[in-house]
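Student:
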Amino acid sequence: MKNILLLGATGSIGDSVLSVIKQNSDSLNLYGIAAGKNTEKAAAIIKNFSPKNIFIEDIAAYDLISSSFPNQNILNSDQELLDLISDNKVDIVVSAIVGFAGLKASLMAVNAGKIVLIANKESIVAAGDILMPLAKAKGAQIIPIDSEHNAIFQCLPADKSTTDVSKIIITASGGPFLDIPLSKLNNISPKDALKHPNWEMGSKISIDSATLVNKCLELIEARYLFDLNEKLFDLVIHPQSIIHSIVTYIDGSSISQMSNPNMEVPIANALSDIRKVPIAFKELDFSNLKLSFQEFPSDRSKLENLAREICNTGGSSGLVFNAANEIAVESFLNNQLKFSQIYDVIYRTFDLIPLSNPQDIETLNELNNEARIEAKKVIKSIT
Ligand code: NAD
Ligand code: MG
-19 MKNILLLGAT
-9 GSIGDSVLSV
1 IKQNSDSLNL
11 YGIAAGKNTE
21 KAAAIIKNFS
31 PKNIFIEDIA
41 AYDLISSSFP
51 NQNILNSDQE
61 LLDLISDNKV
71 DIVVSAIVGF
81 AGLKASLMAV
91 NAGKIVLIAN
101 KESIVAAGDI
111 LMPLAKAKGA
121 QIIPIDSEHN
131 AIFQCLPADK
141 STTDVSKIII
151 TASGGPFLDI
161 PLSKLNNISP
171 KDALKHPNWE
181 MGSKISIDSA
191 TLVNKCLELI
201 EARYLFDLNE
211 KLFDLVIHPQ
221 SIIHSIVTYI
231 DGSSISQMSN
241 PNMEVPIANA
251 LSDIRKVPIA
261 FKELDFSNLK
271 LSFQEFPSDR
281 SKLENLAREI
291 CNTGGSSGLV
301 FNAANEIAVE
311 SFLNNQLKFS
321 QIYDVIYRTF
331 DLIPLSNPQD
341 IETLNELNNE
351 ARIEAKKVIK
361 SIT
């Protein structure tokens, strides 16, 4: 039996992880969860899965859950989170909190030398320079569950060596506004931007997919996860989201991973060891499969170039890019910012904050707060 600690249990990735656990209750056990403010969903998970440990950071949500489940181990402080993550009984930590808020727990899990299944790409973008060497030093195993990165992971040889790789293609659905030029996206509403054609996801990543910022975050994520130069990665639009990424080798072979768009597939893969973890899935109908590919839109090349610059610069650059985007997305969802202005907030904030080299969580937090304040100032100045 593998004990799983699921951070971000009440979210969209949380749902998929719980479904995989439920389908494999003979081998996978939900040992603990961490959740945000969605107490209704947290309560339902506690009732259905009886996890032994529950971490709730938000104090109002913590009070509510504590009074509803007086016999359960409900935790709230940073020390309690650290103790839970470091608990010897925890075999696997799933990092699926959304945004920079997930970094603290990702760092704790890596520092504890755990097997860490990482969905929280913002952790890697904001602190890849710290997380990846720490994983090496502590013997932590980072396994991606972002579908593209899990696909790359599956297409690499068993020892995950990249020596013979000549190119990696990261596919992108293109989001709900594929083929609509950026100049026509000025007055898009949050409701329209949240409608992803292929995936059902949390609101933040749905907007990131619509702006294509998600693909740029994923480029930075891939550069850190696989420790490769950004020049080896191409971003290619593949509207059907069937091929999740492609690895081309120096002998001319290209290997891809395919499935219908369903996050349970990469999650089950990441939870597999010698034996695969079985799930119920919709088979691909290969006799009727039409796959198409097109270039990453040229009107988003400024964004892509910035992501490539961040891959090469490292330090605080990813953190600032991420913080500006988080604030811009939040403002867009609150109808305070136009869709096209999300890009302006990112570029302007990025130019305002000088590059530095944060080395610890305190400095990362300070810098994140500073970048968020600057992004808010930019929003005020352009709206
Ligand atoms: P979501 O908004 O559906 O869920 C986010 C979860 O994080 C919720 O459980 C929420 O309660 C929790 N949370 C937020 N702030 C928290 C805090 N301070 N402390 C504890 N918990 C907190 O988001 P999602 O779509 O599940 O995405 C989660 C992560 O996975 C993101 O980083 C996203 O980029 C990544 N991801 C998601 C998908 C997908 O299909 N949804 C695919 C690839 C990667
Ligand atoms: Mg992805």
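Every letter in the sequence shown is one number past the one before it in the numbering used here, and letter 250, counting from 1, is 230.
Virtual Cβ for every residue (Gly too), placed ideally from N, Cα, C.
Quick caveat: nothing in here was measured; it's all calculated off a predicted structure.
Suppose the cutoff is 6 angstroms on Cβ atoms and the five residues either side in sequence are ignored; what does the same chain contact list for Ala131 look like?
Tutor: His224, Ser225 and Gln237
Student: Can you check DSSP and say which residues form a bridge with Tyr327?
Tutor: Its beta-bridge partners do not exist; DSSP assigns none.
Student: Between Ser146 and Lys164, what straight-line distance do the alpha-carbon atoms span, to the nearest angstrom?
Tutor: 37 angstroms
Student: How should Glu180 be labelled, buried or exposed, when 16 other C-beta atoms within 10 angstroms of its C-beta is the threshold for buried?
Tutor: exposed
Student: Indicate, with yes or no, if ligand 2 has a heavy atom lying under 7 angstroms from the CB of Asp126.
Tutor: yes
Student: On a Cα-Cα basis, can you pick out the residue from Ile254, Val257 and Tyr204 that is closest to Asn292?
Tutor: Tyr204
Student: Just to check, is the beta-carbon of Lys17 closer than 7 angstroms to a non-hydrogen atom of ligand 1?
Tutor: yes
Student: Taking only runs that begin and end inside the segment 144 to 225, name each unbroken beta strand (DSSP E) of 3 or more residues, in chain order.
Tutor: 145 to 152 and 213 to 217
Student: Measure the C-alpha to C-alpha separation of Ser57 and Asn33 and round it to an integer number of angstroms.
Tutor: 13 angstroms
Student: Which class does Phe230 belong to by DSSP, given the choice of helix, strand or coil?
Tutor: The identity of residue 230 in the sequence shown is Ile, whereas the question assumes Phe. Coil.
Student: What do you reckon, is the C-beta of Thr(-10) under 7 angstroms from a heavy atom of ligand 1?
Tutor: yes
Student: Can you determine whether any heavy atom of ligand 2 sits closer than 7 angstroms to the C-beta of Glu244, and answer yes or no?
Tutor: no
Student: Pick from Ala85, Asn68, Leu(-15) and Asn9: whose alpha carbon is nearest that of Ile341?
Tutor: Ala85
Student: Roughly how many whole angstroms lie between the Cα atoms of Asn194 and Ala14?
Tutor: 24 angstroms
Student: Got a sec? Which residues, its chain only, sit under 8 angstroms from Gln339 by beta carbon, not counting five neighbours each side?
Tutor: Cβ neighbours of Gln339 within its own chain (closer than 8 angstroms, five residues either side excluded): Ile110.
Student: Excluding five sequence neighbours on each side, which residues of the same chain lie with their C-beta closer than 7 angstroms to the C-beta of Ala287?
Tutor: Cys196, Leu199 and Ile200
Student: Taking its Cβ as the centre, do 16 or more other Cβ atoms sit within 10 Å of Thr329, making it buried, or is it exposed?
Tutor: buried
Student: DSSP on Met243, reduced to helix/strand/coil?
Tutor: coil
Student: Determine the contact status of Leu162 and Ser320, defining contact as a CB-CB distance below 8 angstroms.
Tutor: yes
Student: In whole angstroms, what is the alpha-carbon distance linking Leu283 and Pro258?
Tutor: 39 angstroms
Student: Are at least three pairs of beta-carbons, each pair with one atom in the segment 90 to 104 and one in the segment 353 to 362, less than 8 angstroms apart?
Tutor: no
Student: Indicate, with yes or no, if ligand 2 has a heavy atom lying under 7 angstroms from the CB of Glu60.
Tutor: Incorrect: Glu60 has no Cβ contact closer than 7 angstroms to ligand 2.
Student: Pull up the CB-CB distance for Gly16 and Gly182, whole angstroms please, since I reckon it's below 8 angstroms.
Tutor: Not confirmed; about 11 angstroms, so no contact.
Student: Starting from the Cα of Met(-19), find the closest Cα among Gly119, Tyr11 and Gly(-6) and give me that residue.
Tutor: When each option's Cα is compared against that of Met(-19), the closest is Tyr11.
Student: Round the Cβ separation of Gly(-12) and Gly82 to the nearest angstrom and send it over; I've been treating them as touching at under 8 angstroms.
Tutor: 7 angstroms
Student: Assign Pro137 to one of three DSSP states: helix, strand, or coil.
Tutor: coil
Student: Skipping 5 residues on each side, what residues in its chain have a beta carbon closer than 6 angstroms to that of Val300?
Tutor: Only residues of its own chain outside the window of five on either side were considered, and among them Phe330, Ile333 and Ala351 have a CB closer than 6 angstroms to the CB of Val300, listed in chain order.
Student: Please state whether DSSP places Lys270 in a helix, a strand or coil.
Tutor: coil
Student: Provide the residue(s) that pair with Ile72 in DSSP beta bridges, ordered along the chain.
Tutor: In the DSSP assignment, the residues bridged to Ile72 are Ile(-16) and Ile95.
Student: Considering only C-alpha positions, which residue in the set Leu61, Lys27 and Ile26 is nearest to Phe35?
Tutor: Phe35 has its Cα closest to that of Leu61, out of Leu61, Lys27 and Ile26.
Student: Please state whether the Cβ-Cβ distance between Ser234 and Val227 is less than 8 angstroms.
Tutor: With contacts defined as CB atoms closer than 8 angstroms, Ser234 and Val227 qualify as a contacting pair.
Student: Under three-state DSSP, which class holds Asn53?
Tutor: Asn53: strand per DSSP, three-state reduction.
Student: Is Glu102 a contact residue of ligand 1, with contact defined as CB to any heavy atom under 7 angstroms?
Tutor: yes
Student: Would Phe273 pass as a contact of Ile222 if the rule is Cβ separation under 8 angstroms?
Tutor: no
Student: I'd like the list of long-range same chain contacts for Phe312, defined as Cβ closer than 7 angstroms, with 5 residues on each side in sequence excluded.
Tutor: Pro170, Ile187, Phe319 and Ile322
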